[in-house]
Amino acid sequence: MDFTLTASERLGLIERDLQNMAACMYPFPGNADRYVIEACWPDASREEWQHAADYVAAHPEITTGPKRHIPDVRAGYEAAAKELSHLAAQECAEGQFDRALDLLRQAFVAAPNLVGSWRHYVQVVENRRHAATAAWVREEGEHPRWVLPGKRNERDVLVTAAFQITDEAIRTFGQKHVEQVTLRGLPKLPEQAWAVSS
26 MDFTLTASER
36 LGLIERDLQN
46 MAACMYPFPG
56 NADRYVIEAC
66 WPDASREEWQ
76 HAADYVAAHP
86 EITTGPKRHI
96 PDVRAGYEAA
106 AKELSHLAAQ
116 ECAEGQFDRA
126 LDLLRQAFVA
136 APNLVGSWRH
146 YVQVVENRRH
156 AATAAWVREE
166 GEHPRWVLPG
176 KRNERDVLVT
186 AAFQITDEAI
196 RTFGQKHVEQ
206 VTLRGLPKLP
216 EQAWAVSS
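Quick note on the working numbering: the sequence shown kicks off at 26 and runs consecutively.
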């Protein structure tokens, strides 16, 4: 997945910041666009600066709206993004991997500052997709177990088991491994689904 905002996404987020911050950040309506851009978009292009000025000119009411604390505004962005990630976890658990990735892309756009989390979650989805579509191989020996080609270390095996690929696969890990998987927590809730591969 590409974690780069498109030009239209950047403009949309600039408008969002102006709507939520123009009134609360500064008492000078004529400078609202400049202050918001300087605070939130230090890498803004000339076109984005002009877009911000034009947007404030077209919507002067945003400079006199409710005043909110900036940390609260940003916390709201992150909460909305995390809700999207919870929905993505549910889609992933149901095998709807493309839908899960689409929701994670939306989460990234909602809160680009959390890109590290979004990269991690996308990897979880891709691992789950691989586990769901790859052929399990039974590894014989003193402690027979099911493994995935290319995923031979115990951590990867435990992660794929935690996603409950099949009951048969989990049973063949042996009691010790099943207990480890249980302690890490099966993805019964959206937030736990991501934590399992941390």
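We put the beta carbon where it would ideally sit given N, CA and C, even for glycine. Note that the structure is predicted; figures quoted are calculated from it, not measured.
* **Same chain, Cβ closer than 7 angstroms to L4, neighbours up to 5 away in sequence not counted** => Given a span of 26 to 223 for the chain in the structure shown, any question on residue 4 remains unanswerable.
* To do: Compare the C-alpha of D42 against each of A100, F28, E164 and K107 and name the closest.
  => A100
* To do: Return the first residue and the last residue of the alpha helix (DSSP H) that S142 is part of.
  => Residue range V140 to T158 is occupied by the alpha helix (DSSP H) that includes S142.
* Asked: Under the three-state reduction of DSSP, which class applies to M26: helix, strand or coil?
  -> Secondary structure of M26 (DSSP, three-state): coil.
* Spatial neighbours of V47 in its chain, beta-carbon cut-off 7 angstroms, leaving aside the 5 residues before and after -> Rather than Val, the amino acid found at residue 47 in this sequence is Ala. Around A47: A57, V61, V81, I87 and T88.
* Asked: Just reading off the alpha helix (DSSP H) that Q131 is part of, what are its end residues?
  -> F122 to A135
* Tell me whether P96 sits in a helix, a strand or coil according to DSSP, three-state version. => Shown here, P96 sits in a helix according to DSSP, grouped into three states.
* Asked: What is the DSSP secondary structure of P67, counted as helix, strand or coil?
  -> coil
* Asked: In the structure shown, what three-state DSSP assignment does L38 receive?
  -> helix
* Straight-line Cα distance separating G141 from A106 -> 13 angstroms
* Outcome for A32 when other beta-carbon atoms lying within 10 angstroms are tallied against a minimum of 16 -> exposed
* How many Å lie between V134 and R163 at the Cα? -> 41 angstroms
* Comparing alpha-carbon positions, which option in E40, L129, H84 and I95 lies nearest W74? -> E40
* Tell me whether T88 sits in a helix, a strand or coil according to DSSP, three-state version. => Three-state result, T88: helix.
* To do: Please classify H94: is it buried, with 16 or more other beta-carbons within 10 angstroms of its beta-carbon, or exposed?
  => exposed
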